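Everything in the sequence shown is counted per this note's numbering, starting at 39 for the first residue and increasing by one. Idealized CB from N, CA, C, for every residue including glycine. Since this is a predicted model, take the numbers as computed values, not measurements.
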Amino acid sequence: MKLDPKLVTRTLAIADALEELYPEVRCELDFTTPFELLVATILSAQCTDKRVNLVTPALFARFPDARAMSDAPIAELEALVRSTGFYHNKAKNIVGTARLLMERFAGAVPHTMDELLTLPGVARKTGNVILGTAFELEDGIAVDTHVMRLSHRLGLTSEEDPVKIERDLCALLPRARWTRTGHQIIWHGRRVCDAKAPRCDDCTLAPLCPSAFKVMKGARPGAVAKRPVAKKPAAKRQAKKR
């Protein structure tokens with residue numbers, strides 16, 4: 039992909055601005071081990087990190103590692119994760135993942151994307167969270183709904199597919215910044231660039247954002263207002279109807 043030098047410069051300016059805004063950035067899922075982060079990330083699908091963090095203390099107290107989780111009664115696990123939504127599939131995937139970890143990886147979370155993608159409930163977003171946050175390996179950028187929305191609004195990609203969005207963002211940013219900038223984009227999406235009512239007046243990225251002050255209230259998250267088409271004078275419209 040041939041990169042636009044102006045876009046690269048603007049992207050780096052955005053990354054620098056995000057670093058100034060959120061120097062304390064971190065993954066907002068609570069965890070103490072790579073396994074806990076893996077389970078928490080699976081639970082975070084279609085659910086807020088805040089809700090997941092309310093659920094995981096009791097979950098990990100009962101099933102602290104892959105060995106314990108692999109033997110978890112599915113009904114008990116479903117009851118523990120029920121409030122995160124889609125709990126039937128999530129419980130099934132968590133038990134399946136724990137069993138594969140025991141069978142193939144001696145109970146440890148693997149360190150490569152290819153291996154992570156063999157686990158139930160794990161796609162590239164989860165893989166990137168694990169590699170970047172648990173292992174500090176810059177393998178890619180976790181593309182969630184916030185990253186998708188902001189990358190469109192900031193004009194960093196025109197793609198809709200998360201894998202292609204990740205490809206475009208990785209091409210624009212230095213590898214050493216992939217994980218950190220990804221987290222900062224998520225923080226900004228949660229704190230300022232809301233899906234339905236972005237606070238452009240309070241946004242320090244506004245001078246760098248082609249969508250600033252253009253997002254229509256109630257529009258889909260990535261949409262920006264189009265320039266209105268001028269209407270013809272009433273007399274001419276009526277004449278045409280005749």
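Would you mind reading off the limits of the alpha helix (DSSP H) that contains proline 102?
Within the sequence shown, residue 102 is the residue found at index 64, counting from 1. Here proline 102 belongs to no alpha helix (DSSP H), and DSSP marks it neither H nor E.
Residues in its own chain within less than 6 Å of cysteine 241 by CB, not counting five upstream and five downstream? Position 203 of the sequence shown, counting from 1, holds the residue named residue 241. Within the same chain, cysteine 241 has close Cβ partners Val230.
message = Quick check on DSSP: helix, strand or coil for lysine 289?
response = An answer regarding residue 289 cannot be provided, because it is not within the stretch 39 to 280 covered by the chain.
- Contact check, leucine 56 vs histidine 226 under 8 Å by CB: the rounded distance? In the sequence shown, the residue the question calls residue 56 occupies position 18. In the sequence shown, the residue the question calls residue 226 occupies position 188. Right, the Cβ-Cβ distance comes to about 6 Å (below 8 Å), so this counts as a contact.
Integer-rounded CB distance, given that threonine 217 should sit under 8 Å from arginine 171: On the sequence shown, position 133 is the one that residue 171 refers to. On the sequence shown, position 179 is the one that residue 217 refers to. Residue 171 is actually threonine in this sequence, not arginine. Confirmed, Cβ separation roughly 7 Å.
Look up tyrosine 125 in the DSSP assignment and say whether it is helix, strand or coil. In the sequence shown, the residue the question calls residue 125 occupies position 87. Helix.
Handout entry: Cβ separation of aspartate 206 and glycine 145, assumed to be a contact under 8 Å, to the nearest whole Å
Key = Working through the sequence shown from its first residue, we reach residue 206 at position 168. Working through the sequence shown from its first residue, we reach residue 145 at position 107. Contact doesn't hold; Cβ gap of about 36 Å is too wide.
Unbroken alpha helix (DSSP H) runs of length 4 or more, entirely within the stretch 125-173: which are they?
-> 125-142, 151-154 and 162-167
Between the alpha carbons of aspartate 177 and leucine 75, how many angstroms are there, rounded? On the sequence shown, residue 177 is found 139 positions in, with the first residue counted as 1. On the sequence shown, residue 75 is found 37 positions in, with the first residue counted as 1. The straight-line gap from Cα to Cα measures roughly 17 Å.
Can you name the start and end residues of the alpha helix (DSSP H) that serine 189 belongs to? Residue numbering aside, residue 189 sits at position 151 when the sequence shown is read from its first letter. First-last of the alpha helix (DSSP H) with serine 189: 183-191.
Requested in this report: Could you have a look at valine 90 and say whether DSSP puts it in helix, strand or coil?
Outcome: Position 52 of the sequence shown, counted from the start, is the residue given in the question as residue 90. Here valine 90 sits in helix by DSSP.
Query - Start and end residues, alpha helix (DSSP H) containing glutamate 114 - result: Numbered from its first residue, the sequence shown carries residue 114 at position 76. Segment 112-119, the alpha helix (DSSP H) holding glutamate 114.
| said: For valine 181, which residues in the same chain have their Cβ closer than 7 Å to its Cβ, ignoring the five residues on either side in sequence? | reply: Here residue 181 is taken as the residue at index 143 of the sequence shown, counted from 1. Taken in chain order, the residues that qualify are Lys163, Pro200, Ile203 and Glu204.
- Query: Taking 8 Å as the CB-CB limit, is leucine 246 close to chain B?
  - Reply: Within the model displayed, chain B is absent; a lone protein chain is all it includes.
Check your understanding: Helix or strand or just coil, what does DSSP make of alanine 250?
Key -> For the purposes of this step, residue 250 is identified with residue 212 of the sequence shown, where counting begins at 1. It is coil, neither helix nor strand.
Any idea if leucine 251 is buried or exposed, counting beta-carbon neighbours within 10 angstroms, 16 or more meaning buried? The residue given as residue 251 occupies position 213 in the sequence shown. Just to set this straight, residue 251 is phenylalanine in the shown sequence, not leucine. The residue is exposed, with fewer than 16 neighbouring Cβ atoms inside 10 Å.
Are the stretch 85-101 and the stretch 59-72 touching by the rule of at least three beta carbon pairs closer than 8 Å? yes
What residue from Pro236, Ser249 and Leu188 has the CA that sits closest to threonine 219's CA? Your numbering for residue 219 matches position 181 in the sequence shown. Of Pro236, Ser249 and Leu188, the residue nearest in Cα terms is Leu188.
Margin query: Report the CB separation of leucine 210 from leucine 192 in whole angstroms; it is logged as a contact under 8 Å.
Written below: Working through the sequence shown from its first residue, we reach residue 210 at position 172. Working through the sequence shown from its first residue, we reach residue 192 at position 154. Actually they are not in contact, since the Cβ atoms of leucine 210 and leucine 192 sit about 10 Å apart, beyond 8 Å.
Selection from Leu175, Asn127 and Ala235 that minimises the alpha carbon distance to valine 77
The residue given as residue 77 occupies position 39 in the sequence shown. Among Leu175, Asn127 and Ala235, the Cα nearest to that of valine 77 is on Asn127.
Cα-Cα separation between alanine 99 and aspartate 109, rounded to whole angstroms | Mapped onto the sequence shown, residue 99 falls at position 61. Mapped onto the sequence shown, residue 109 falls at position 71. Using only the alpha carbons, I get a separation of about 14 Å.
Between Tyr60, Val147 and Leu155, which lies nearest to threonine 71 when the distance is taken from Cα to Cα?
Walking along the sequence shown from the start, residue 71 turns up at place 33. Here the closest residue by C-alpha is Val147.
Going by the CB atoms, is the gap between glycine 134 and proline 158 shorter than 8 Å? For the purposes of this step, residue 158 is taken as residue 120 along the sequence shown, with counting starting at 1. For the purposes of this step, residue 134 is taken as residue 96 along the sequence shown, with counting starting at 1. A contact, by the Cβ cut-off of 8 Å.
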